[in-house]
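The block underneath contains the structure these notes are about, expressed in structure tokens.
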Amino acid sequence: MDLLLKDKVALITGASRGLGAASAAALAAEGTNLVLSARDGDALDSQVKRLTANFGIRAIAVPADLTQNGVSDSVVKSSLDAFGRIDILINSAGASQGGLFWEIPDQVWQDSMELKVMGTIRMMRAVIPHMLENKGGRIVNIVGNTGLQPSPRLLPGSAANAALLAVTRGLAEELAPQNVIINALNPGPTRTERWTTLMAKLAESSGRSVADVESDYTAQIPMDRLGEPEEIGRLAAFLASERAANMTGGCLTADGGWTKGIG
Ligand SMILES: NC(=O)c1ccc[n+]([C@@H]2O[C@H](COP(=O)([O-])OP(=O)(O)OC[C@H]3O[C@@H](n4cnc5c(N)ncnc54)[C@H](OP(=O)(O)O)[C@@H]3O)[C@@H](O)[C@H]2O)c1
Numbered sequence: 045m046d047l048l049l050k051d052k053v054a055l056i057t058g059a060s061r062g063l064g065a066a067s068a069a070a071l072a073a074e075g076t077n078l079v080l081s082a083r084d085g086d087a088l089d090s091q092v093k094r095l096t097a098n099f100g101i102r103a104i105a106v107p108a109d110l111t112q113n114g115v116s117d118s119v120v121k122s123s124l125d126a127f128g129r130i131d132i133l134i135n136s137a138g139a140s141q142g143g144l145f146w147e148i149p150d151q152v153w154q155d156s157m158e159l160k161v162m163g164t165i166r167m168m169r170a171v172i173p174h175m176l177e178n179k180g181g182r183i184v185n186i187v188g189n190t191g192l193q194p195s196p197r198l199l200p201g202s203a204a205n206a207a208l209l210a211v212t213r214g215l216a217e218e219l220a221p222q223n224v225i226i227n228a229l230n231p232g233p234t235r236t237e238r239w240t241t242l243m244a245k246l247a248e249s250s251g252r253s254v255a256d257v258e259s260d261y262t263a264q265i266p267m268d269r270l271g272e273p274e275e276i277g278r279l280a281a282f283l284a285s286e287r288a289a290n291m292t293g294g295c296l297t298a299d300g301g302w303t304k305g306i307g
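For reference, each letter of the sequence shown is one residue, going 45 to 307 in my numbering.
Structural data, given as structure tokens:
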């Protein structure tokens with residue numbers, strides 16, 4: 045299926061690795077031009093080199109720390125300076141930590157909210173006026189299935205995800221008449237650096253092996269495996285495309301069948 049994404053412009057946060065990088069690769073394969081943002085400029089530069097060489101697209105790197113107020117506006121300005129438009133925003137920056145609830149300090153909760161929730165809110169607030177002027181746009185928030193089904197050792201991320209699902213749903217209603225479409229993508233456990241680091245920390249704090257801790261999660265997944273970043277990247281590209289034109293305020297869950305709720 046042609047996703048009709050050729051020559052569109054997508055701005056992706058968290059694009060230096062993991063699900064953001066996988067979304068970038070999936071969009072590049074469709075011929076979409078890219079603005080890649082994250083803090084690690086070297087990692088972004090190598091993504092830019094690889095994707096422009098492999099897919100003949102145009103791409104730029106815009107290094108930025110999204111926990112800093114005002115930075116999202118300059119990321120959007122750099123994107124507009126380079127391409128003159130932003131058709132798609134994919135929010136994938138996030139790094140929530142987990143642990144035993146009564147051992148998690150304030151800072152972990154605050155960091156989770158500051159990057160994932162406020163980072164996403166600031167990016168959307170910076171991009172939406174431009175999308176309204178352009179008479180349309182697509183936003184995909186990479187959130188997480190723990191927003192629907194909180195996981196006891198992953199509560200800072202679960203709370204951030206629940207907040208983002210609420211914002212995604214409410215904002216979609218506000219913007220649907222202007223053809224600005226917003227959806228959430230809810231991955232379950234997916235093998236990225238974030239997941240590996242999370243498992244290593246949980247293993248260390250509980251005195252168990254990483255494989256043992258990870259099996260607590262895979263045992264609950266009917267497919268009995270972690271997701272792969274490319275699987276999520278392809279779904280992000282689909283949600284960003286005209287092929288998902290009648291879907292807004294929704295969430296697409298891709299977690300190997302873990303989440304049991306209907307909705
Ligand atoms: N992997 C999973 O199992 C899973 C499941 C459900 C939901 N999710 C969600 O999906 C999103 C992406 O996760 P991932 O697994 O791809 O994580 P990841 O591999 O750790 O990638 C996180 C991305 O966020 C960027 N980032 C971190 N801090 C930043 C900051 N202060 N400013 C700007 N960018 C920053 C990182 O780049 P730099 O370090 O270069 O800044 C990186 O590109 C997260 O919100 C995560 O909660 C992941």
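Ideal Cβ placement from N, Cα and C applies to all residues, glycine included.
- Membership of residue 113 in any alpha helix (DSSP H) is not indicated, and neither H nor E is assigned to it by DSSP.
- Ranked by Cα distance from residue 103, the first of 71, 113, 83 is 71.
- In this structure, ligand 1 has no non-hydrogen atom nearer than 6 Å to the beta-carbon of residue 155.
- Contact check for residue 56 and residue 62: beta-carbon distance about 11 Å, past the 8 Å limit, so the pair fails to qualify.
- Here residue 77 is buried, its C-beta having at least 16 other C-beta atoms within 10 Å.
- In the three-state reduction of the DSSP assignment, residue 140 falls in the coil class, being assigned neither a helical nor a strand state.
- Annotated three-state conformation of residue 276 is helix, per DSSP.
- Between ligand 1 and residue 61, a heavy atom-to-CB distance of less than 6 Å is present.
- Residue pairing by DSSP places residue 181 opposite 224 in a beta bridge.
- In chain order, 226 place their CB closer than 6 Å to the CB of residue 215, counting only its own chain and leaving out the 5 sequence neighbours on each side.
- When the Cα atoms are used, residue 212 and residue 181 turn out to be separated by approximately 14 Å.
- Judged by the Cβ position, residue 109 qualifies as a neighbour of ligand 1 at the 6 Å threshold, a heavy atom of the ligand being closer than this.
- With 16 or more other Cβ atoms inside 10 Å of its own Cβ, residue 95 counts as buried.
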